[in-house]
Amino acid sequence: MSPPMVSRALARLRDAFGDALLVRSGRGMTLTPRALELSPDIRECLSMLDRIDRRHKPTDLRNAEAQVSIRCDDVFAAVLCPELLETVAQEAPRLRLAIVSEHHYSLEDFRRGTVDLEVGGRSHFPPEVIVRRVGTEFLEGIVRADHPIFRVRITAETFARFPRVVAETQLDFQKALHVALSSRNLDTGSINLITPSLYTAAASTLRSDLIATAPGVMARNLARLFGLATFKVPLDLPIIPVGVAWHARLQADDIHRWLRRKVISIVQASLRKRG
Numbered sequence: 001m002s003p004p005m006v007s008r009a010l011a012r013l014r015d016a017f018g019d020a021l022l023v024r025s026g027r028g029m030t031l032t033p034r035a036l037e038l039s040p041d042i043r044e045c046l047s048m049l050d051r052i053d054r055r056h057k058p059t060d061l062r063n064a065e066a067q068v069s070i071r072c073d074d075v076f077a078a079v080l081c082p083e084l085l086e087t088v089a090q091e092a093p094r095l096r097l098a099i100v101s102e103h104h105y106s107l108e109d110f111r112r113g114t115v116d117l118e119v120g121g122r123s124h125f126p127p128e129v130i131v132r133r134v135g136t137e138f139l140e141g142i143v144r145a146d147h148p149i150f151r152v153r154i155t156a157e158t159f160a161r162f163p164r165v166v167a168e169t170q171l172d173f174q175k176a177l178h179v180a181l182s183s184r185n186l187d188t189g190s191i192n193l194i195t196p197s198l199y200t201a202a203a204s205t206l207r208s209d210l211i212a213t214a215p216g217v218m219a220r221n222l223a224r225l226f227g228l229a230t231f232k233v234p235l236d237l238p239i240i241p242v243g244v245a246w247h248a249r250l251q252a253d254d255i256h257r258w259l260r261r262k263v264i265s266i267v268q269a270s271l272r273k274r275g
């Protein structure tokens with residue numbers, strides 16, 4: 001600050017406190033008793049402002065210690081985690097990730113902070129949750145490589161002829177499948193097995209004629225893991241939107257903003273790997 005600016009600031013302080021605060025003493029300046037009385041409080045205020053200023057500086061990701069909870073299906077986690085863990089190890093090594101099961105779902109999770117980020121096809125969230133749509137998927141069938149469905153043309157009729165296995169986490173998609181089969185007067189009751197997860201659903205097809213179904217990105221990952229085959233379900237089904245969701249309170253958080261950019265990039269890349 002220039003000398004005139006200092007003089008004007010000192011004048012405003014003198015008016016505010018009703019005291020000279022700083023007076024001449026020989027060739028220098030000295031504090032008045034009132035100024036000395038205020039000094040500890042002023043130092044504390046300046047220290048607080050300095051701490052606030054430091055908090056608003058960009059976060060040092062390499063030294064940031066935090067835990068981020070991501071909710072997604074376990075198969076989607078298997079798609080997401082390898083690349084995400086590699087990225088975290090390189091750029092934010094002290095960051096800890098926690099994958100939260102979709103089995104434990106509550107609309108309050110975002111508000112309570114038990115879930116920081118969600119990846120999947122859910123469409124209903126509290127109003128303060130921000131959702132970024134990152135792509136779309138189609139429902140695909142998962143079967144053993146030598147399944148008899150491949151010996152004929154895959155149609156709605158041939159699809160309905162075979163028994164199905166359903167994972168509990170995929171029941172919402174089964175409702176749309178039920179409607180599509182009903183609209184064509186086809187059998188809707190051929191569900192022979194319900195499993196707790198897509199992994200067990202896929203494993204159950206290895207030595208049976210069961211058909212499991214899942215959004216494409218998860219179906220393809222299961223096929224690679226178990227040596228299975230996939231096909232597009234031959235019915236007029238709604239497109240499955242894939243989104244990433246987070247609470248508005250985390251919108252400007254440096255760590256969360258960095259992580260969700262990485263998650264969105266990985267998810268978009270996985271959705272492009274169709275076929």
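Numbering-wise (this note's numbering), the sequence shown opens with residue 1 and increments by one. Virtual Cβ for every residue (Gly too), placed ideally from N, Cα, C.
Self-check item: Member of P238, L259, R224 whose CA lies at the smallest distance from the CA of V75
Solution: The residue you call residue 75 lines up with position 75 of the sequence shown. Comparing Cα-Cα distances from V75 to each of P238, L259, R224, the minimum goes to R224.
Quiz item: Using the C-alpha atoms, what's the distance from A78 back to S190?
Solution: As a first step, residue 190 is located in the sequence shown; it is residue number 190 there, counting from the start. As a first step, residue 78 is located in the sequence shown; it is residue number 78 there, counting from the start. Rounded to whole angstroms, S190 to A78 spans 29 Å at the Cα level.
Quiz item: Within 10 angstroms of its Cβ, does S7 collect 16 or more other Cβ (buried), or is it exposed?
Solution: Within the sequence shown, residue 7 is the residue found at index 7, counting from 1. Counting Cβ neighbours within 10 Å, S7 comes out exposed, since fewer than 16 surround it.
Self-check item: V152, DSSP secondary structure in three states
Solution: The residue given as residue 152 occupies position 152 in the sequence shown. Coil, per DSSP.
Quiz item: What beta strand (DSSP E) runs, 3 residues minimum, are completely inside the segment 22-100?
Solution: Fully enclosed beta strand (DSSP E) runs of 3 or longer: 22-25, 28-31, 66-71, 95-100.
Exercise. Write down every uninterrupted run of the alpha helix (DSSP H) in the segment 109-181 whose length is 4 residues or greater and which is fully enclosed by it, in chain order.
Key: List check, alpha helix (DSSP H) in window: 109-112, 156-161.
Self-check item: Per DSSP, cross-strand counterpart(s) of T188
Solution: The sequence position of residue 188 within the sequence shown is 188, counting from 1. Residue pairing of T188 in beta bridges, as defined by DSSP: absent, with no partner found.
Self-check item: Endpoints, the alpha helix (DSSP H) within which L10 is located
Solution: The residue given as residue 10 occupies position 10 in the sequence shown. First-last of the alpha helix (DSSP H) with L10: 3-17.
Quiz item: Going along the chain, which unbroken runs of the beta strand (DSSP E) with 3 or more residues stay wholly within the segment 200-261?
Solution: 211-215, 228-232, 240-247
Self-check item: Contact set for F231: own chain, Cβ-Cβ below 7 Å, skip 5 residues either direction
Solution: Taking the sequence shown and counting its residues from 1, one reaches residue 231 at position 231. Closer than 7 Å at Cβ, skipping near neighbours: E140, G141, I154.
Practice problem: Report yes or no: do the segment 179-197 and the segment 248-256 share at least 3 C-beta pairs separated by less than 8 Å? | Solution: Taking a contact to require three or more Cβ pairs closer than 8 Å, the segment 179-197 and the segment 248-256 do not qualify as touching.
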